[in-house]
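This report concerns only the one structure given below.
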Amino acid sequence: MSVDFTGQVAIVTGAGGGMGRAYALELARRGASVVVNDYGGGVLGQQDGSTAAAQQVVAEIVAAGGKAVANADAVGSAASARAIVATALDSFGRIDILVNNAGTALPGPFTQHDDDAIERHYATNLIGGHHLMRAAWPHMARQQYGRILNISSNGALGVGGNAAYAAAKAGMLGLSLDAALEGKPLGILVNAIMPTSYSRMIEQIPDPATVAWFRDNLKPEQVAAAMAWFLSRDSGQTGRILLAGGGRLSSLIFAETGEVFDRGLTAETVAARWPEALDERVLTPVHNQAEAGARYFAHLPWTAGATPDFGPDVERG
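Take 610 as the starting number for the sequence shown in the numbering used here and just add one per residue.
Right, here's the structure in full:
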């Protein structure tokens, strides 16, 4: 089976270098028309952008016989999101694929950065991706087809000295998992990835040996090659948290540990029995809120209706 994107249109944000460039080149190589978005600023969110980075990747794609246009809107606002999607529609007439790759780094002690830096970081790494999904969603829903890949990070699990980045990337997981449920009946499949790859962010690591190891072993092209299938017509996967890098592919799930149930649970009970509740030898996968809620029904039988449903009045898959 050959994965092919002929006739489809993709938006890749942060595509002027690193993994974004790799996604853009991979999709174009396989036939997609690509909007190469990159505001051209610094990896730490400096506001010194230019169109040069996006235009360079477009030139690479065109030179290889592909189709692409550049867009230099800075990801982070609803207006920018609408402009990026409009670029796809005006240039190619549709939007099938969205890769929310744009991101910045903000390492440092918890209280180091000023208010503007924190808010700009969340805008780029989380809010901007949400706005882009909102802008693309009606067009994907109308054609009953869409593929969205949101770039998270294993940094969401905690690094230390990286709180804003961890929180924003954890937010991308919740955004992806919820949108996957709502999008499935509409033909919109949404997944998140925690990539491990050399990038401009990796270049910020102080240890040169670590940077060299990433550069030598974890090429961004390896991540893009793996993710192409999840962005294709052939994939039916949605609501996945994927891990990829260096030729490795797996997925991450949430799981509950052992439990304690006692209707009269007190602090003293917890003090005596907490090892039972935190026992990681007994793991139950939990993929969504419904599965998490179901754990309670073994002890507290459902009596409020025919079927437990804690969600809003929206069709979900």
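Even glycine gets a Cβ: it sits at the ideal position worked out from N, Cα and C.
Beta-carbon spacing of residue i, residue j below 8 Å
| i | j | result |
| --- | --- | --- |
| V645 | N680 | yes |
| A886 | E868 | yes |
| L735 | A777 | yes |
| A773 | Y731 | yes |
| E865 | V832 | no |
| F686 | H740 | Before going further, note that residue 686 is Ser rather than Phe in the sequence given. Contact flag set, yes. |
| L784 | G737 | no |
| I704 | A641 | no |
| R630 | A837 | no |
| A697 | I670 | no |
| H908 | F863 | no |
| A765 | A775 | yes |
| Q813 | P716 | yes |
| L858 | A834 | no |
| A668 | M810 | no |
Beta strand (DSSP E) segment containing residue i, residue limits
| i | result |
| --- | --- |
| E865 | 863-865 |
| K778 | Counting along the chain, K778 falls outside any beta strand (DSSP E), though it belongs to the alpha helix (DSSP H) covering 772-792. |
| G854 | 850-854 |
| P921 | Counting along the chain, P921 falls outside any beta strand (DSSP E), and DSSP gives it neither H nor E. |
| P804 | 797-804 |
| I814 | Neither: I814 is in no beta strand (DSSP E) and is coded neither H nor E. |
| A619 | 618-621 |
| V927 | Outside the shown range of the chain, which is 610 to 926, sits residue 927, and nothing can be said about it. |
| V612 | Unbroken run through V612: none, as it is neither H nor E. |
| V678 | 676-680 |
Opening and closing residue of the alpha helix (DSSP H) in which residue i lies
| i | result |
| --- | --- |
| V666 | 661-672 |
| K828 | Where K828 is concerned, there is no enclosing alpha helix (DSSP H), given that its DSSP letter is neither H nor E. |
| A631 | 627-638 |
Option nearest residue i by Cα separation, candidates the options
| i | options | result |
| --- | --- | --- |
| V708 | I693, S700, A915, D871 | I693 |
| I763 | Y648, L909, L874, L861 | It should be pointed out that residue 763 corresponds to Asn in this sequence rather than to Ile. That would be L861, whose Cα lies nearest to the Cα of N763. |
| Q846 | D888, P794, P716 | P794 |
| V618 | G625, A637, S689 | A637 |
| S611 | L698, R630, S841, H748 | S841 |
| E830 | T615, A624, G616, M628 | M628 |
| R743 | E669, S689, E924, T660 | S689 |
| T622 | G616, T615, A662, F614 | A662 |
| F719 | G770, T696, E791 | G770 |
| S808 | I704, D787, G626 | G626 |
| Y648 | L634, I706, V666 | V666 |
| F701 | T615, N897, R890 | T615 |
| G856 | V820, M810, P804 | P804 |
| P747 | A714, G796, E728 | G796 |
| K929 | I814, E635, A834, G914 | Coverage of the chain is limited to positions 610 through 926, which leaves residue 929 absent and any answer about it impossible. |
| D787 | G650, D613, P921 | P921 |
| A695 | G650, Q721, D724, I620 | I620 |
| R872 | Y905, D613, D725 | Y905 |
| D613 | I727, E924, F839, A624 | F839 |
Quick one: any contact between the stretch 864-878 and the stretch 818-828, if contact means 3 or more CB pairs under 8 Å? Flag = no, the stretch 864-878 and the stretch 818-828 do not touch.
Please give the ranges of any beta strand (DSSP E) in the stretch 698-773, keeping only runs that are unbroken, at least 3 residues long and fully inside the region. 706-709, 755-760
Does the count of Cβ pairs from the stretch 706-726 and the stretch 742-762 closer than 8 Å reach three? yes
At 4 residues or longer, and completely inside the stretch 876-903: list those alpha helix (DSSP H) runs for me, N to C. 876-886
Cβ contact check for the stretch 798-812 and the stretch 838-851: 3 or more pairs under 8 Å: Enough Cβ pairs lie closer than 8 Å, so yes.
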